[in-house]
Amino acid sequence: MNPLKMIKHLIIGGGIAGISIAVKLLKRGESFLLLESSDRLGGKIETKRTVEACLEMGPSSFTDQSPEIFDLLDALGLKGDVLEPSPAAKNRFILKEGRIVRLPTAPPELITSGALSPWGKIRFLWEAVHVANPTKEEESVWGFFARHFGREAAEFLADPFVSGVYAGDARRLSFREAFPSMAEAEARSSSLIRHLFRNRRSGRVAPKTYQLKGGLGTLVERASGLLGEERFHRGEAVREIVSERGSLTAVTERDRYLAETIYLTSPAPAAAKILERHFGALSRELLRIEYAPLVSIHLRVSRREKYPFDGFGLLIPSCEQKKILGVLWHSSIFPDLFPDKGHHYLGIYAGGVRHPEVVEDSEERLRDLVLKEVQRFFSLRVTPEFLHLRRHRQAIPQYQLGYGVILQRIREELSRFPSLRLAGNYLEGVSLSKTAAQAMSVV
Ligand SMILES: Cc1cc2nc3c(=O)[nH]c(=O)nc-3n(C[C@H](O)[C@H](O)[C@H](O)COP(=O)(O)OP(=O)(O)OC[C@H]3O[C@@H](n4cnc5c(N)ncnc54)[C@H](O)[C@@H]3O)c2cc1C
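Residue numbers (my numbering): 347 to 789.
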């Protein structure tokens, strides 16, 4: 075994959380080392580029939910590379009884939208007048929406939205933990419709979606260049963190690193394994966090087809009983990333907690499933062309009922080890912007 190496700050994991910490330390002029088990930086972020298209294997955009993501882009010299979505991206769709239905983009459009039945619309709007009090039990996302807007809205609006963000089950996710800003809004004004109108009058709008020139891979490449070989070791997995007489040592197959501070940013199951021997209670809490598996698939469709694909995409409520959760119309959202103007480029997301088995299906079965379904959804004359597939076995952490208690115990355990910091998408939000903000907050 090589001699013990001394490091001031050690970062484990090079996803958006690890990158955000590294860039913040770099700005402060601190010395650090980032250890990544795979052969590249980025974690879930992975962009494949061809002359025709820029395809995202993982996340495909980021939001302005937290300003820190822009601080990160600024530090990487990428503020000028931010792309806004096309105006068409405001159009969003759901599948209802096998048909594609456009969602209202503003409250008055609800009247003409086919997303809800006439009674469903009346029940939805009734929210501005009366909202039943919550019960004492922790409320699921589905329960919250049903209480505010009626069961139909929960089924056709909340359920597919939860699939789109968490690949999760609206009936099992904690509303307070999964959508904290909406929970805060309810605390201020019982009606969310009235809250929305008040926000609109004061100019506050819903979170916006962005991309980067060259895709999200641009962020990873810029970070990689800034870190350089001496601050970033690829292919070096941490096996465990040892706590001895108040100091922490990270052990890998190659080396042992004695660090003043360790930032552990791997997904919760990997973190649990690393902490198993010396931080048993913390490890057990991390193991309680469930993840949704997901398969992302890229297809392309000739622009000669009739269906216009001018929008953000299609989400599929669970009552439609499909293995596909949604279809993003990537080339319509950020057309600049798709020089090939002869095709529409679509991203298909399948599996999630509703159909976890899908992630283990053979490539042939997956091809068969998505090509047939997509052809049927959009009444295409020709079968779409299959481009790429990526399996994410631990795609998104589930902020399930009881999650607040898990997080509270994690925080209590962590407070006993000030030199150990946890960061990642299972702590304060799953989006890239929330994960970056949480990670920066522990530095
Ligand atoms: C298909 C998909 C689509 C998504 N779409 C969006 C989107 O459009 N917008 C959005 O905002 N969010 C999206 N998300 C969510 C977002 O991508 C993730 O929440 C975020 O990227 C997670 O970042 P992270 O740093 O917490 O974890 P990760 O990206 O998982 O990074 C953790 C890193 O730790 C490394 N690691 C693990 N174990 C070890 C070890 N023992 N030693 C060293 N390194 C280790 C891993 O290799 C990995 O690189 C999507 C997620 C998926 C899966």
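Virtual Cβ for every residue (Gly too), placed ideally from N, Cα, C.
Fewer than three pairs of CB atoms, one per stretch, sit closer than 8 Å, so the stretch 415-425 makes no contact with the stretch 574-588. Taking the Cα positions, Ile-635 is about 11 Å away from Ala-617.
In this structure, the CA atom of Arg-448 is about 15 Å from the CA atom of Pro-433. Its chain contains Ile-742 as the residues whose beta carbon lies nearer than 6 Å to that of Val-776, once the 5 sequence neighbours on both sides are disregarded; these appear in chain order.
One Cα belongs to Ala-569, the other to Arg-727, and the distance between them is close to 44 Å.
The closest heavy atom of ligand 1 lies less than 6 Å from the beta carbon of Ser-384. With respect to the C-alpha of Thr-611, the residue from Ile-367, Pro-349, Glu-392 and Lys-354 having the closest C-alpha is Ile-367. Using a 10 angstroms sphere on the CB of Glu-455, the tally of other CB atoms stays under 16, which defines it as exposed. Annotation: the continuous beta strand (DSSP E) that includes Met-352 extends over 351-358. For Ala-617, the uninterrupted alpha helix (DSSP H) segment begins and ends at 614-621. In its chain, beyond the 5 residues on either side, Thr-393, Leu-424, Asp-427 and Leu-558 have a beta carbon closer than 8 Å to the beta carbon of Thr-564. No Cβ-Cβ contact shorter than 7 Å links Gly-466 with Leu-661.
Residue pairing from DSSP places Leu-674 in a beta bridge opposite Gly-659 and Gly-693.
DSSP places Gln-667 outside both helix and strand once states are collapsed to three, so it counts as coil. Counting only the Cα atoms, Leu-538 lies some 56 Å from Leu-350. A Cβ-Cβ separation of about 6 Å places Leu-562 in contact with Pro-405 under the 8 Å criterion. Ile-679 sits in a helix when the DSSP states are folded into three classes. Closest option to Gly-592, judged by alpha-carbon separation, among His-701, Leu-604, Ser-787 and Glu-774: Leu-604. Look at Gly-360: its beta carbon is less than 6 Å from one of the heavy atoms in ligand 1. As for any alpha helix (DSSP H) of minimum length 4 sitting wholly inside the stretch 433-515, the runs are 464-471, 487-495 and 505-512, ordered along the chain.
When only Cα atoms are considered, Phe-378 and Val-699 end up about 37 Å apart.
Boundaries of the alpha helix (DSSP H) around Ile-415: 414-421. Counting only unbroken stretches of 3 or more residues, the beta strand (DSSP E) elements lying wholly within the stretch 751-781 are 766-768, in sequence order. Rounded to whole angstroms, Tyr-637 and Gly-770 show a C-alpha spacing of 13 Å. Straight-line spacing of the CA atoms in Phe-763 and Leu-573 works out to 27 Å. Counting along the chain, Ser-527 sits inside the alpha helix (DSSP H) bounded by residues 526-534. By the Cβ rule, the stretch 687-704 counts as touching the stretch 642-651, because three or more pairs are nearer than 8 Å. For Ser-406, the shortest separation between its Cβ and any heavy atom of ligand 1 lies below 6 Å.
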